[in-house]
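Trainee: Residue numbers (my numbering): 31 to 188.
(1) For the beta strand (DSSP E) that contains residue 93, what are its first and last residues?
(2) Buried or exposed: where does residue 172 fall if 16 or more other Cβ atoms within 10 Å of its Cβ makes it buried?
(3) Look at the alpha carbon of residue 45 and the alpha carbon of residue 66, and state the distance between them as a whole number of angstroms.
(4) In terms of residue numbering, what span does the beta strand (DSSP E) encompassing residue 85 cover?
(5) Can the beta-carbon of residue 74 be found closer than 7 Å to that of residue 99?
(6) Would you check if there are 3 or more beta carbon pairs closer than 8 Å linking the segment 110–120 to the segment 158–174?
(7) Just how far apart, CA to CA, sit residue 153 and residue 76?
(8) Using a Cβ-Cβ cutoff of less than 8 Å, which residues in the same chain neighbour residue 105 once the five nearest sequence positions on both sides are dropped?
(9) Go ahead and pull the three-state DSSP assignment for residue 52.
(10) Which residue's Cα is closest to the Cα of residue 127: 108, 116 and 86?
(11) So, are the CB atoms of residue 169 and residue 124 less than 7 Å apart?
(12) Comparing alpha-carbon positions, which option in 164, 63 and 82 lies nearest residue 136?
(13) Beta-carbon separation of residue 157 and residue 51 under 7 Å?
(14) Between residue 164 and residue 131, which are expected to be in contact by the criterion C-beta below 8 Å, what is the C-beta distance as a whole number of angstroms?
(15) Is the beta carbon of residue 60 closer than 7 Å to that of residue 7?
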């Protein structure tokens with residue numbers, strides 16, 4: 031299977047994200063970072079569409095509910111990695127990177143909704159978010175490549 035067939039259109043637009051990073055305007059840097067959040071949301075929609083919450087059994091005998099709705103894109107990506115990866119180390123690395131990046135992108139998004147204008151104050155910080163996003167999407171695509179029987183259907187490209 032060609033992994034590019036599973037990439038949402040927004041992820042194919044990393045070039046425009048990088049153009050925003052070359053600007054001298056911090057507003058463009060913020061736009062680049064907001065695009066990263068959208069790329070991750072779209073990626074989650076393609077590889078693990080929203081569905082009913084999942085209940086898992088913990089080692090201590092308790093249960094935990096994992097929210098997998100539309101707004102829970104980080105949980106959906108982490109659950110996808112958990113379900114598809116044969117490597118516990120891969121799960122740990124990608125999962126921890128996802129959590130770190132997702133929390134920061136969500137914090138930036140929430141600040142933007144409240145009207146904060148100087149959200150991204152350095153190009154270096156924006157660069158870091160874009161690079162992390164790029165690496166995570168690459169890791170997810172490598173996992174998609176490893177799947178032998180993942181059917182591609184119209185529902186994957188809503």
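Cβ atoms here follow ideal geometry from the backbone N, Cα and C, with glycine treated the same way.
Mentor: Quick look at the numbers:
(1) Looking up residue 93 in the chain shown gives position 63. Where residue 93 is concerned, the enclosing beta strand (DSSP E) stretches over 93–96.
(2) Taking the chain shown and counting its residues from 1, the one referred to as residue 172 is at position 142. That one is exposed.
(3) Here residue 45 corresponds to residue number 15 of the chain shown, with the count starting at 1. Here residue 66 corresponds to residue number 36 of the chain shown, with the count starting at 1. One C-alpha to the other measures close to 12 Å.
(4) Against the chain shown, residue 85 aligns to sequence position 55. Per DSSP, residue 85 belongs to the beta strand (DSSP E) from 84–87.
(5) Sequence index remark: in the chain shown, residue 74 carries index 44 (1-based). Sequence index remark: in the chain shown, residue 99 carries index 69 (1-based). The answer is no: Cβ separation not under 7 Å.
(6) Result yes; three or more Cβ-Cβ pairs closer than 8 Å.
(7) Stepping through the chain shown from its first residue, residue 153 is reached at position 123. Stepping through the chain shown from its first residue, residue 76 is reached at position 46. In this structure, the CA atom of residue 153 is about 30 Å from the CA atom of residue 76.
(8) Taking the first residue of the chain shown as 1, we reach residue 105 at position 75. Within the same chain, residue 105 has close Cβ partners 96, 97 and 98.
(9) Here residue 52 refers to the residue found at position 22 when the chain shown is read from its first residue. DSSP places residue 52 in coil when its eight states are reduced to three.
(10) Residue mapping note: residue 127 aligns to position 97 of the chain shown, counting from 1. It is 108 whose Cα lies nearest to the Cα of residue 127.
(11) Residue 169 sits at position 139 when you count from the first residue of the chain shown. Residue 124 sits at position 94 when you count from the first residue of the chain shown. Taking 7 Å as the Cβ cut-off, residue 169 and residue 124 qualify as a contacting pair.
(12) Here the question's residue 136 lines up with position 106 in the chain shown. Out of 164, 63 and 82, 63 has the C-alpha closest to the C-alpha of residue 136.
(13) Here residue 157 refers to the residue found at position 127 when the chain shown is read from its first residue. Here residue 51 refers to the residue found at position 21 when the chain shown is read from its first residue. Taking 7 Å as the Cβ cut-off, residue 157 and residue 51 qualify as a contacting pair.
(14) Here residue 164 is taken as the residue at index 134 of the chain shown, counted from 1. Here residue 131 is taken as the residue at index 101 of the chain shown, counted from 1. Between residue 131 and residue 164 the Cβ distance is about 11 Å, and since that is not below 8 Å, they are no contact.
(15) Since the displayed the chain opens at 31 and closes at 188, residue 7 lies outside it and no answer follows.
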